[in-house]
Amino acid sequence: CVYWLTRRLLPTAPGAWAARIAGILAVLNTALIHVAVTLDQEGLYLPLLFLGLCALLRAVGRPTARASTPGLWGAGVLLGLANIMRPITLLLPLVILLWLAWLRRRWLQALRETAWVSLAMLLVLSPLLVRNTLTSAGKVVGVTAHAGGHYQISGNEALIALGVDPFADPIG
Numbered sequence: 047c048v049y050w051l052t053r054r055l056l057p058t059a060p061g062a063w064a065a066r067i068a069g070i071l072a073v074l075n076t077a078l079i080h081v082a083v084t085l086d087q088e089g090l091y092l093p094l095l096f097l098g099l100c101a102l103l104r105a106v107g108r109p110t111a112r113a114s115t116p117g118l119w120g121a122g123v124l125l126g127l128a129n130i131m132r133p134i135t136l137l138l139p140l141v142i143l144l145w146l147a148w149l150r151r152r153w154l155q156a157l158r159e160t161a162w163v164s165l166a167m168l169l170v171l172s173p174l175l176v177r178n179t180l181t182s183a184g185k186v187v188g189v190t191a192h193a194g195g196h197y198q199i200s201g202n203e204a205l206i207a208l209g210v211d212p213f214a215d216p217i218g
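Each residue of the sequence shown is one higher than the one before, starting from 47 at the first, in the working numbering.
As structure tokens, then:
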């Protein structure tokens, strides 16, 4: 996936070498190997993030063409699922907007395409946001599940009596 992303972003001849080097470095990266063999939130986050970015690149297509709306929805759904694991993905719509505005040279079209991705992300995250708001006892909670950590301890009176506050010190 790293090779494919690099090859799509750098389609020139030097880009082919850069894609090969990036692919080799990703294969030899011990942190990625560790993530691949452990059942942890990064093991779910990274594939969803890469698939979402691949879907976004596929939906956008060439710089002069209009993006595929179903493809943008699919990318938004995958990025929304990735956000359930790691909330940093919420910043991606801003990066996508800037990237599309630079790629298209048209702010309105870039804004429209980013809005489709953001709306799909919001639709995926809305049940989790409602659930976290209802169980947080009036505290402000983000739109993440921290890979299920909040589900295990939020609303658990025995853990709260022990001083474990999942909203002041989230798992992850």
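Yeah, the Cβ is synthetic: ideal placement off N, Cα and C, and Gly gets one too.
Per DSSP, what kind of secondary structure is Asn178 in: helix, strand or coil? Here Asn178 sits in helix by DSSP.
Please state whether the Cβ-Cβ distance between Ala113 and Val123 is less than 8 Å. Taking 8 Å as the Cβ cut-off, Ala113 and Val123 do not qualify as a contacting pair.
Separation of Thr181 from Leu74, as counted between CA atoms: About 42 Å.
In angstroms, rounded to a whole number, what distance separates the CA positions of Thr115 and Cys100? Distance from the CA of Thr115 to the CA of Cys100, rounded to the nearest whole angstrom, comes to 15 Å.
Determine the contact status of Leu94 and Leu127, defining contact as a CB-CB distance below 8 Å. In contact: Leu94 and Leu127 (Cβ atoms closer than 8 Å).
Where does the unbroken alpha helix (DSSP H) through Asn129 begin, and where does it stop? In this chain, the alpha helix (DSSP H) harbouring Asn129 covers 115 to 131.
How should Arg132 be labelled, buried or exposed, when 16 other C-beta atoms within 10 angstroms of its C-beta is the threshold for buried? Sixteen is the threshold: when 16 or more other Cβ atoms of the shown chains lie within 10 Å of the Cβ of Arg132, as they do, the residue is buried.
When DSSP labels each residue in this structure, what does Gly107 get in the three-state scheme? Gly107: coil per DSSP, three-state reduction.
Alpha helix (DSSP H) segment containing Leu137, residue limits: Under the DSSP assignment, Leu137 falls outside any alpha helix (DSSP H); it carries neither an H nor an E label.
Alpha carbon to alpha carbon, how far is Thr160 from Leu146? For Thr160 and Leu146, the gap between their C-alpha atoms comes out near 8 Å.
Ile70 classed as buried or exposed, judged by whether at least 16 other C-beta atoms fall within 10 angstroms: Burial call: exposed.
Assigned secondary structure, Thr52 (DSSP; H/G/I helix, E/B strand, else coil): It is helical.
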